[in-house]
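**Student:**
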Amino acid sequence: MSNAIELKNISVSIEDRVILDNISFGLNEGGIACLLGPSGCGKTTLLRCIAGFQYQQQGEVWIKGVRASNPVHYLPVEQRQIGMVFQDYALFPHLNVADNIIFGLKKLDKQRTKQRLDELIELFSLAEHVNKYPHRLSGGQQQRVALARAMASRPGVLLMDEPFASLDIELREQIAREVHQILKQDGITTIMVSHNQLEAFAIADVIGVMNEGKLLQWDNAFNLYHEPESSEVADFIGEGVFIPGKVINEKKVQTEIGNITGQSPHGFQPGSKVNVLIRPDDILHDDDSSMTACVRDKAFRGAEFLYTLELESGLRLLSLVPSHHNHPVNEPIGIKLEIDHLVIFPA
Amino acid sequence: MLVTRSTQAIPLNLNHKAFSFLSSKWNITLIFISFLFCIPLLIIFGSLFFPAKEIWLHLIDTVLIDYISNSFALSIGVGCLSLVLGIIPAWLVTMYRFPMSRFLEWALLLPMAMPAYIIAYSYTGLLEFAGPLQTFLREITGWQYHDYWFPEIRSLGGAIIMLSLVLYPYVYLLARAAFIEQSICVLEVSRTLGCNTITAFRRVALPLARPAIIVGLSLVIMETLADYGTVQYFGVSTFTTGIFRTWFGLGNSLAAAQLSALLLVFVAIFLYMEKRSRKQARFHHTSSRYSSLLQHRLSRKKGLLAFTFCSSPLIFGFLVPVYFLTNWAFETYSHVIDKNFYQLLINSLLLASIASLLALLIALFMAYSNRNSNSPLNHFMVRLVSLGYAIPGTVIAVGVLIPFAWFDNTLDTFLTRQFNISSGLLISGTVFTLVFAYLVRFLAVSINTVEAGLIKIKPVMDEVAKTTGMTSGKIIGRIHIPMMRGSLLTALLLVFVDVMKELPATLILRPFNFNTLAVRAYELANEERLADAAVPALAIVIAGIIPVIMISNSISKSRPGHE
Chain A
3 MSNAIELKNI SVSIEDRVIL DNISFGLNEG GIACLLGPSG CGKTTLLRCI
53 AGFQYQQQGE VWIKGVRASN PVHYLPVEQR QIGMVFQDYA LFPHLNVADN
103 IIFGLKKLDK QRTKQRLDEL IELFSLAEHV NKYPHRLSGG QQQRVALARA
153 MASRPGVLLM DEPFASLDIE LREQIAREVH QILKQDGITT IMVSHNQLEA
203 FAIADVIGVM NEGKLLQWDN AFNLYHEPES SEVADFIGEG VFIPGKVINE
253 KKVQTEIGNI TGQSPHGFQP GSKVNVLIRP DDILHDDDSS MTACVRDKAF
303 RGAEFLYTLE LESGLRLLSL VPSHHNHPVN EPIGIKLEID HLVIFPA
Chain B
350 MLVTRSTQAI PLNLNHKAFS FLSSKWNITL IFISFLFCIP LLIIFGSLFF
400 PAKEIWLHLI DTVLIDYISN SFALSIGVGC LSLVLGIIPA WLVTMYRFPM
450 SRFLEWALLL PMAMPAYIIA YSYTGLLEFA GPLQTFLREI TGWQYHDYWF
500 PEIRSLGGAI IMLSLVLYPY VYLLARAAFI EQSICVLEVS RTLGCNTITA
550 FRRVALPLAR PAIIVGLSLV IMETLADYGT VQYFGVSTFT TGIFRTWFGL
600 GNSLAAAQLS ALLLVFVAIF LYMEKRSRKQ ARFHHTSSRY SSLLQHRLSR
650 KKGLLAFTFC SSPLIFGFLV PVYFLTNWAF ETYSHVIDKN FYQLLINSLL
700 LASIASLLAL LIALFMAYSN RNSNSPLNHF MVRLVSLGYA IPGTVIAVGV
750 LIPFAWFDNT LDTFLTRQFN ISSGLLISGT VFTLVFAYLV RFLAVSINTV
800 EAGLIKIKPV MDEVAKTTGM TSGKIIGRIH IPMMRGSLLT ALLLVFVDVM
850 KELPATLILR PFNFNTLAVR AYELANEERL ADAAVPALAI VIAGIIPVIM
900 ISNSISKSRP GHE
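Sequence lines, in order, name chains A and B.
In our numbering, each residue's number is its place in the first sequence (first place is 1) plus 2.
In our numbering, each residue's number is its place in the second sequence (first place is 1) plus 349.
1) What residue from B:A814, B:G818, B:F593 and B:R646 has the CA that sits closest to B:N852's CA?
2) In chain B, which residues lie with their C-beta within 7 angstroms of the C-beta of A:E80?
3) Check A:Q256 in the structure and name its three-state DSSP category.
4) Just how far apart, CA to CA, sit B:W455 and A:V243?
5) With DSSP as the reference, label B:M730 as helix, strand or coil.
6) Which residues of chain C have a Cβ atom closer than 9 angstroms to the Cβ of A:F126, listed in chain order?
7) What's the C-alpha gap between A:L107 and B:I437?
8) Where does B:V813 fall in DSSP's three states?
9) Just to make sure I have the definition right: I need the residues of chain A whose C-beta is within less than 9 angstroms of the C-beta of B:E537. Which are they?
10) Kindly identify the DSSP beta-bridge partner or partners of A:R19.
11) Mind checking B:C544: buried by the 16 CB within 10 Å criterion, or exposed?
12) How about A:F27: is its C-beta nearer than 8 angstroms to some C-beta of chain B?
13) Is it buried or exposed for B:L397, if we count other Cβ within 10 angstroms and need 16 for buried?
14) Give the secondary structure of B:P853 by DSSP, where H, G and I count as helix, E and B as strand, and everything else as coil.
15) Counting contacts by CB-CB distance shorter than 8 angstroms, is A:K108 in contact with chain B?
16) Cα separation between B:I776 and B:N864?
17) Using the beta-carbon of each residue, which ones in chain A are nearer than 7 angstroms to B:V553?
18) Using CA atoms only, rank isn't needed, just tell me which of A:Q56, A:L22 and A:V345 is closest to A:T263.
19) Please tell me whether A:F105 has its Cβ less than 8 angstroms away from any Cβ of chain B.
20) How about the region 772–792 of chain B and the region 593–608 of chain B: do they share at least three Cβ pairs that are nearer than 8 angstroms?
21) Between B:S637 and chain A, is any beta-carbon pair separated by less than 8 angstroms?
22) Can you find the residues in the same chain that come closer than 7 angstroms, C-beta to C-beta, to B:L733, ignoring five residues on each side of it along the sequence?
23) Evaluate A:S26 with the Cβ neighbour count: other Cβ atoms within 10 Å of its Cβ, from every protein chain shown; 16 or more gives buried, anything less gives exposed.
24) When the Cα of A:Q368 is compared with those of A:E62, A:D221, A:E231 and A:L125, which residue comes out closest?
25) Along the chain, where does the alpha helix (DSSP H) that runs through A:C296 open and close?
26) Listing by chain order, which chain A residues have their CB less than 8 angstroms from the CB of B:L557?
27) Is it right to say B:K402 is buried, meaning 16 or more other beta carbons lie within 10 angstroms of its own, or is it exposed?
28) Can you tell me whether B:Q493 is helix, strand or coil according to DSSP?
29) Is there a Cβ from chain A that is less than 8 angstroms from the Cβ of B:I534?
30) Rounded to whole angstroms, what's the CA-CA distance from A:I239 to B:L620? Just pull it up for me.
31) According to DSSP, is B:P518 helix, strand or coil?
32) If you check the beta carbons only, do A:L319 and A:L311 fall under 8 angstroms apart?
33) Along the chain, which unbroken stretches of the alpha helix (DSSP H) at least 4 residues long are found entirely within the region 161–192 of chain A?
34) Looking only at its own chain, which residues have a Cβ that is under 7 angstroms from the Cβ of B:A367, when we skip the five neighbours before and after it?
35) Under three-state DSSP, which class holds A:L110?
36) Put B:Y472 into one of helix, strand or coil per three-state DSSP.
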């Protein structure tokens, strides 16, 4: 199957600073991808490269089997058949909701424009706001209008730059789910940019983790969390700590908290020194366990506590514990290991 | 003991406002002062209650149609030309890179430094029969007088071009600010929706900037209606020259006041347009985020075209007149700069200093009393006083002269009858009258500037300062003055330069035998001694450059999305 979007070795430098470093990936038709990374990692620049607002010094962008750009040839933004949702939505303040949505539909006749408008109004539940101007809409409504506008002309690819960042935190997850549903329903190939992993997990089929201009890993959420390919990815996705260990055999590693066995070979030589990733859900609270650790800090998260635990050696671990186990700071509690995915990196 | 006393000294302040001591008795002072500056306006409109049917019949028969049609044609012409000269360069320098675009970005403001009557003198000198251009043409072609047609600069069309060349920066300034403030995202999103750069301009950027452009256009037309020097020199009969002629030619002050009232009705239309659009402009921003402008580099050919278009207002509105003025100044300075010239310079500088200082003090007082009171009457009075900038200098002169002359005459009659002493003309025809008229016209400039500075000092800052135990005096000294210093200086300079340039009010109200640079330039030009007028004219232009530099600095600093 050919990819709806294909990036080949994209590099961008701005004033001698490398912003993007040799980035390649492909996204299949109807897929939803999220570029995830801390601010300044280059994810927005990459999105703007695909849109055509940024030129690259190296590499090619292919959209729907058409070469959109290489360092010499460059298809103008308006000819790329993309839709884009900006972080602050950038609705046209001088047009009402309906006119905002049909802005890009100039080529259709009146009747078909009206038909498409009605579809989108229905899809995004905007019926009561059609004649309102943007400044009278709430953040969530503006977001829906921006999305409807971007989708109106059925673009080949939809690009979204931090689409949920301007929303209230309570609204984010709900709207992200709604958007996910709509995108899947219409089968729209989408690339979005986010710095929030929960948002990315909620909406994307595939996530590209970026840092300092590099694409570190291109994978689904489950694999990123449980099988990160680098310590940077492990560090960025989810919570956890690294503890030192020594390889015993092809599947087993010895650590201070016991021997850990993975399900598949890890590929390190026996005897080599490694760091083992321990997630908070790998450490269970068990009053009967012989191994104990002292509570050094705790954060209440509703259903769970995130405890920071300290072993006698001074080694610190994180543990997620159901919140009815309320232990005061400095109290020793029993813990046990339950590790399904052994993740190790060279020390 | 000392500690308790000092804590007691801070008044218990339930409405949490510093300087509440200002509020009660100062309100009355504020209203009194505001009223004083509204007198000219009241006189002008009050004149409508005294019918002067005969003179009006005479005016209608003879010149009124001319006044109206010329003023109308002038406004339309200057408005349209200013839009073209303002909007297109504003868009080009904001969105594109082409030769010298960075320089043009601020240099396009320079014609603002040039008063319209001075550019009119320069071009007359340049284009008249004996001027350098026609002489040159005759020399290379061998033509004689009457052999060829040459456009007459001293005409309605000429006046439109002259005024447009120096007034377009209002449109340019506001359009450019609007283009810069438009979240670039809005323009980018229109590209993703199929607009190319030209349709994005037409369908998004221009409609969004429209309120700001209308503000600029209204200012241009108000200045056009206020112009006296250019139309008088070009012999185009408009309201301002008509008012002047009715007063001094026909000696009819009542009719002059009533003509002024009619002119003010026209001005009011544009004033309303301006105020309304300013409000709309606030609506037209949905975005608070800005990504930096990616300026598109134009190709060689297009870049050259853009450069030619953008540089021509600068060349014709500033460089050409300054070049010829400088040439003439070099020819004539030896006999123009004498003892009398220094007197002129001192008079101008002194007048401008006094007026700008007074304007600043009054503006400070008004802004502070307004800040600390919730009285709608105060707000209204301050707004009313700041309408003065819309009133043409000629009209203000009429509105000032009538009550002052009445006051002088009444006093004189009274004193003569009671004590047999004649007071003569006590205030009219003095520098006092002149400064008062300047204040009426230019208080708005300093009030707006001071208020803009004061608004940055949030009441909560006063409250924070109070919690640290600062007294009101200390709050002013350590918070307000440092934060406002820039605004105060700006207010001072803007009024200073405006007074230096002001012509019609000065011409009418100046004391006998008292001259300024502007009036001297006017007199020399009217005596057809254009070359001699160059030195005073150039002095005014140089002063006028100061605020242009300040404005261009402040906008480049306030540019969102740019460090």
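The C-beta atom is built at its ideal place from N, Cα and C for all residues, glycine as well.
In this text, all values refer to a predicted model and were calculated from it rather than measured experimentally.
**Tutor:** Once the coordinates are examined:
1) In the sequence on display, residue 852 of chain B carries Leu and not Asn. Relative to the Cα of B:L852, the nearest Cα in the group B:A814, B:G818, B:F593 and B:R646 belongs to B:F593.
2) Below the 7 angstroms Cβ cutoff, chain B contributes R540, G543, C544 and N545 as neighbours of A:E80, in chain order.
3) If DSSP states are grouped into helix, strand and coil, A:Q256 belongs with the strands.
4) Between B:W455 and A:V243, the C-alpha separation is close to 56 angstroms.
5) Correct three-state label for B:M730: helix.
6) Protein chains in the displayed structure are A and B, and chain C is not among them.
7) Inter-residue distance for A:L107 and B:I437 is about 27 angstroms (C-alpha atoms, whole angstroms).
8) DSSP places B:V813 in helix when its eight states are reduced to three.
9) Going along chain A in sequence order, the residues near B:E537 (Cβ under 9 angstroms) are R50, A53, F55, V79, M86, F88 and A92.
10) Partner(s): A:I16.
11) Burial is judged here by how many other beta carbons sit within 10 angstroms of a residue's own beta carbon; B:C544 has at least 16 and is buried.
12) By this cut-off, A:F27 is not an interface position.
13) So B:L397 ends up on the exposed side.
14) The answer is helix: DSSP assigns B:P853 an H, G or I state.
15) Closer than 8 angstroms to some Cβ of chain B, the Cβ of A:K108 qualifies, so yes.
16) Cα to Cα, B:I776 sits roughly 18 angstroms from B:N864.
17) The contacting residues are F94.
18) Nearest C-alpha to A:T263 among A:Q56, A:L22 and A:V345: A:V345.
19) Contact with chain B is found for A:F105, since one of that chain's Cβ atoms lies less than 8 angstroms from the residue's Cβ.
20) No, the region 772–792 of chain B does not touch the region 593–608 of chain B.
21) Any reading at B:S637 is ruled out, since the residue's pLDDT is 49, under 50, leaving its predicted position unreliable.
22) Same-chain partners within the cutoff: S383 and C387.
23) By the C-beta density criterion, A:S26 is exposed, having fewer than 16 other C-beta atoms within 10 angstroms.
24) The structure shown does not extend to residue 368 of chain A, since chain A is modelled only from 3 through 349, so no value can be given for it.
25) Unbroken run through A:C296 is the beta strand (DSSP E), T294 to F302; no alpha helix (DSSP H).
26) Those are F94, P95 and H96, listed as they occur along chain A.
27) Classification of B:K402: exposed, given that the 10 Å Cβ count is below 16.
28) In the three-state scheme derived from DSSP, where H, G and I count as helix and E and B as strand, B:Q493 is classed as coil.
29) The amino acid occupying residue 534 of chain B in the given sequence is Cys; Ile does not appear at that position. B:C534 counts as touching chain A.
30) Each residue's Cα considered, the two are about 59 angstroms apart.
31) Assignment of B:P518 by DSSP, reduced to helix, strand and coil, places it in the helix class.
32) Contact: yes.
33) Taking only runs of at least 4 residues, the alpha helix (DSSP H) segments lying wholly in the region 161–192 of chain A are 171–188.
34) A caution first: B:A367 carries a pLDDT of 47, below 50, which makes its placement in the model too unreliable to give a value.
35) Note: A:L110 maps to coil in three-state DSSP.
36) Residue state, collapsed to three classes: helix.
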